Amino acid sequence: MSFFLLLFSACGSTYHHNANNVYKAYYDARFDEAADLIEKVKPAEKDRLLYLMDKGMILHAAGRYEESNKTLSEAEELSDVYSVKSASREVSGTLWNEETIEYAGDKHERLMIPTLRILNYIMLDKWDDALVEVRRLLNLTEKIYGNQNNLENGFAVYLSAIVWETLNQINDALISYGQLNSKNKELPYYGYDLKLMRSKLGLKGALPPKSSLAWTESKDYRKHAGQLLVIVETGKPPVFVSKEVVSGAYTIHVPVAYVYPQNFVTANIYVDGENKGKVYPFYNIANDIVIAEKERQKRSMIRKMVKVPVQTGLYVTSEELMRQKNKDGSADVASQAAGVFAALLGLSMAAAEKADERSWRSLPATFHLGRFYLEPGSHEIEIVPQGAGASVKRTVNVEKGGPPTVLLLNIPDAVTTIKKANTTAVKNADASKTARKETDPHEMELMEEIAKHPRNGNLRIDYAYLKMKQGDYKREYALTSGMREGGDKGRAIKALIISNTVLSKYGKAMEWIDQAETTSLKDELPLAEYRSAISYLTGGVAQKPSVTILQNQDNLIEALNYYLLGLVEEKSGDMEIASYNYMMAYKKGLVGYIVENKLISTFEKTSDAFKNTKEGKDVAEEFSEIYLKTHKEVK
């Protein structure tokens, strides 16, 4: 794809915007209208999977199960292709807005495709075809997670167990019911189902201790009854919003999940006028959004670490080109034009950059299920939702020994207000960019103690250490005043060496290294190596020194040693080793935007070959994981 095409695709309208009328009709439960409207949407190739997933879900909600399965089958094939992205797609994704690459779907979305197909076949009373999809779901789960027990979707697992049981595949049904038990799912029914499957196989086993007492009828009653399944799909799924994270000179765009309030609570099920129970929440998509958000944020950060040198290189190239002159000293018009283009390209990349906000937005937020055993024959069923949706009445016929009779209700829940999900997000690392700051409870307690005991030097030193662990190294006054008030001199000097080194105040750091010689630190720290390293950094010596990584020290000293090694390697020109050492310093507790910028700036200068090695990927991934764990979003 050309740069111009990339630029226009980055700035163009999104699929979700184009499908706005489709979503409005769908969320208003006008399913057939939504199905007609989505036919008029012409998605870009990069958004085609979103289009197919939405279309498949809308057709499912409209009760057009054959059409839904055909569409979802196409979506599944496309997802398989897109999930294995080519190198060119990854490059375009790192250079531009993440939404310029083909959307392959989050893990839970990919698994929902065969889950919906299972449900469609059940509604069509095609249980053998449903079993094919169950096997497909298991294979896909193993492919994605490497272990089938990693599937968090309790609805998909329970639905699979029902299919196995209906087709008398008792051993497989036992495995599926047991899968819920092994994950300590506090869901109704499965404990009794598990016990029933074991008894059919001639196995003895007690009821799992956390099982719901959902069954009040005797086992003999169940033998002679027919089954009714009531499934309710409800609510809007969470959406992703691109947010800026500022760390010093760098701005990173990451996706943050926002959820819609769910008005639907449950639904009471009346059979011939008698309340037989309710439906239970078997799956809430927000549980998987927590995982998806972390994976997306990590991916955004890694892409940013690769993208920065390209943008920077364009700016440098543009400046060099615009300075080009002909042999006679006149301006080289062609070179200057190319320079302007490179500059505009760099600016366009920065302007177009944002995290990927795309997701499967027609997917229900929750799946509720109720399982009831009724006398064989015809029954009047009334589903009475609590919180959202109108009552629905149906006449059903249940058969003894036959497949369950299934009632499916879709309540999209047309709410429009969203709030931030209760997930791990990010905040601005640069305090100057922060609109408000959250105060650590421990910091509050320490400040109160200092107010009560202003002459306690150790409290001041404790406070300085706490702030350094938050990435704030400008603590010289607190440390020096702490020493004057009788605080631990060695501990304060150690912090002063660390803080001045991070702040690049090498002269000050050297002064405190000299002071350390008068304390027990002379036997604790490699002070001579620190002197050699700082002399090398300031041009005092030409030969690259070594710094010993001391094990079993407190983390900040070990971090300082890695940081000094990073500084030395950076000055010597070995950016690969420098970025590794900065990452280790960060991992050991030397945090804050100064260290983060050091790591990013050196990593960006490494070769593309290194970035694609295991070592290079490990640096980017470990940094991203730690960064996202130590920052929270501030709105």
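Residue numbers for the sequence shown follow the numbering used here, so the first one is 44 and each next one is one higher.
Glycine included, each C-beta is placed from N, C-alpha and C at the ideal position.
Note that the structure is predicted; figures quoted are calculated from it, not measured.
**Asked** Using DSSP with H/G/I as helix, E/B as strand and the rest coil, what is K85?
**Response** coil
**Request:** Answer with buried or exposed for K654, where buried requires no fewer than 16 other C-beta atoms within 10 angstroms of its C-beta.
**Result:** buried
**Request:** Specify the secondary structure class of F415 as computed by DSSP and reduced to three states.
**Result:** strand
**Asked** On the three-state DSSP scale, how would you describe P484?
**Response** helix
**Message:** Looking at A628: is its Cβ nearer than 8 angstroms to the Cβ of A602?
**Reply:** yes
**Message:** Assess contact between the region 267-283 and the region 436-451, defined as three or more Cβ pairs (one per stretch) separated by less than 8 angstroms. Is contact present?
**Reply:** yes
**Message:** I need the straight-line Cα distance from I727 to K551, nearest angstrom please.
**Reply:** There is no way to answer for residue 727, as the model of the chain reaches only from 44 to 678.
**Request:** Please confirm if the region 434-441 is in contact with the region 403-414, defined as three or more CB-CB distances below 8 angstroms between the two stretches.
**Result:** no
**Residues sharing a beta bridge with R339, DSSP** = The partner list for R339 (beta bridge, DSSP) is empty, contrary to what the question assumes.
**Item:** Spatially closest choice to L417 from K150, P86, H267, N624, by CA coordinates
**Value:** H267
**Request:** May I ask you to report which of helix, strand or coil DSSP gives R437?
**Result:** strand
**Item:** Three-state secondary structure assigned by DSSP to T673
**Value:** helix
**Asked** Under the DSSP definition of a beta bridge, which residues are partnered with I274?
**Response** L412, L451
**Message:** Tell me which residue opens and which closes the alpha helix (DSSP H) that Y146 is part of.
**Reply:** First-last for Y146: undefined, no H or E at that position.
**Request:** Please report how far the alpha carbon of S644 lies from the alpha carbon of F666, in whole angstroms.
**Result:** 13 angstroms
**Request:** Quick one: residues in its chain with C-beta nearer than 6 angstroms to the C-beta of R153, no 5 flanking neighbours on either side, listed in chain order?
**Result:** S122
**Asked** For Q558, which three-state DSSP category applies?
**Response** helix
**Straight-line gap, H674 to K548 (C-alpha atoms, nearest Å)** = 26 angstroms
**Message:** Output needed for I161: all residues of its chain with C-beta closer than 8 angstroms, excluding positions within five of it in sequence on either side, in chain order.
**Reply:** A173, E176, V177, L180, A199, L202, S203, V206
**Message:** Quick check on T184: buried or exposed, where buried means 16 or more other Cβ atoms within 10 Å of its Cβ?
**Reply:** buried
**Prompt:** Does DSSP classify Q212 as helix, strand or coil?
**Reply:** coil
**Prompt:** Leaving out five residues before and five after A105 in sequence, what residues of the same chain have Cβ atoms less than 6 angstroms from its Cβ?
**Reply:** F74, D75, A78
**Request:** Classify Q429 as buried or exposed, calling it buried when 16 or more other Cβ atoms lie within 10 Å of its own Cβ.
**Result:** exposed
**Where G269 falls: helix, strand or coil (DSSP)** = strand
**Run of the beta strand (DSSP E) containing N624, from where it starts to where it stops** = First-last for N624: 618-630, but that is the alpha helix (DSSP H), not the beta strand (DSSP E).
**Request:** Give a single yes or no on whether R179 has its beta carbon closer than 7 angstroms to a heavy atom of the ligand COA.
**Result:** As for the ligand COA, it is missing from this structure, which has no ligand bound.
**Message:** Within a Cβ cutoff of 6 angstroms, which residues of the same chain sit near P569, ignoring the five residues on either side of it in sequence?
**Reply:** T591
**Prompt:** How would you label Y520, buried or exposed, when you count the other beta carbons within 10 angstroms and need 16 or more for buried?
**Reply:** exposed
**Message:** For E619 and E572, I'd like the C-alpha separation in whole angstroms.
**Reply:** 22 angstroms
**Prompt:** What residues in its chain sit with their C-beta under 8 angstroms from that of Q586, if we drop five residues either side in the sequence?
**Reply:** Y579
**Request:** Just mark N327 as buried or exposed, buried being the case when its beta carbon has 16 or more other beta carbons within 10 Å.
**Result:** buried
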